[in-house]
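Numbering (the working numbering), first residue to last: 287 to 425.
Below, the structure written as structure tokens:
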């Protein structure tokens, strides 16, 4: 893929209309940008792996918050949304094993996957519940 310095910028159109979830999404972007900075600077696979572990924990907390809201307000497509989260969870397990090799290409592919998955998920799957949750009074 050829990773060049990449910075993800939060834009208002990324908002899902729920303050707590938007804040969590912004934190994920901060994690990802930090990982890109490390990759582009003095490559430190151990630090990247440490950040991946922290991002994974943060994602677990975020998914629990998001899934809790979808459950509480009986979102009609909750199961499909949870399946998306499970795809991510399973992929992270695989990626963490690949990172153990300290292969620069594996690190690059991991960062690309993370950035693409998170932004695609926020702008796609997450945006689908915006109107529903807002209509339930969740902002």
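Yeah, the Cβ is synthetic: ideal placement off N, Cα and C, and Gly gets one too. All values reported here derive from a predicted model rather than from experimental measurement.
Alpha helix (DSSP H) segment containing residue i, residue limits
| i | result |
| --- | --- |
| residue 418 | 416-421 |
| residue 362 | Taken as a continuous stretch (DSSP letters only), residue 362 belongs to no alpha helix (DSSP H), as it is neither H nor E. |
| residue 426 | Residue 426 lies beyond the range of the chain shown here (287 to 425); nothing can be said about it. |
| residue 403 | 390-407 |
Cβ-based burial, residue i [other Cβ within 10 Å; buried from 16]
| i | result |
| --- | --- |
| residue 363 | exposed |
| residue 316 | exposed |
| residue 384 | exposed |
| residue 412 | buried |
| residue 329 | exposed |
| residue 401 | buried |
| residue 305 | exposed |
C-beta contact flag for residue i and residue j at 8 Å
| i | j | result |
| --- | --- | --- |
| residue 248 | residue 421 | Only positions 287 to 425 of the chain appear in this structure, which leaves residue 248 out of reach. |
| residue 338 | residue 382 | yes |
| residue 313 | residue 344 | yes |
| residue 318 | residue 352 | no |
| residue 342 | residue 368 | no |
| residue 356 | residue 424 | no |
| residue 348 | residue 310 | yes |
Short CB-CB distance (under 8 Å) between residue i and chain B
| i | result |
| --- | --- |
| residue 351 | Any reference to chain B falls outside this structure, which holds one protein chain only. |
On the three-pair Cβ rule with 8 Å, is the stretch 391-411 touching the stretch 322-331? yes
At a cut of 8 Å, does the stretch 363-376 reach the stretch 293-300 through at least three beta carbon pairs? no
Let me know the beta strand (DSSP E) ranges lying completely inside the stretch 299-330, each 3 residues or longer, listed in chain order. none
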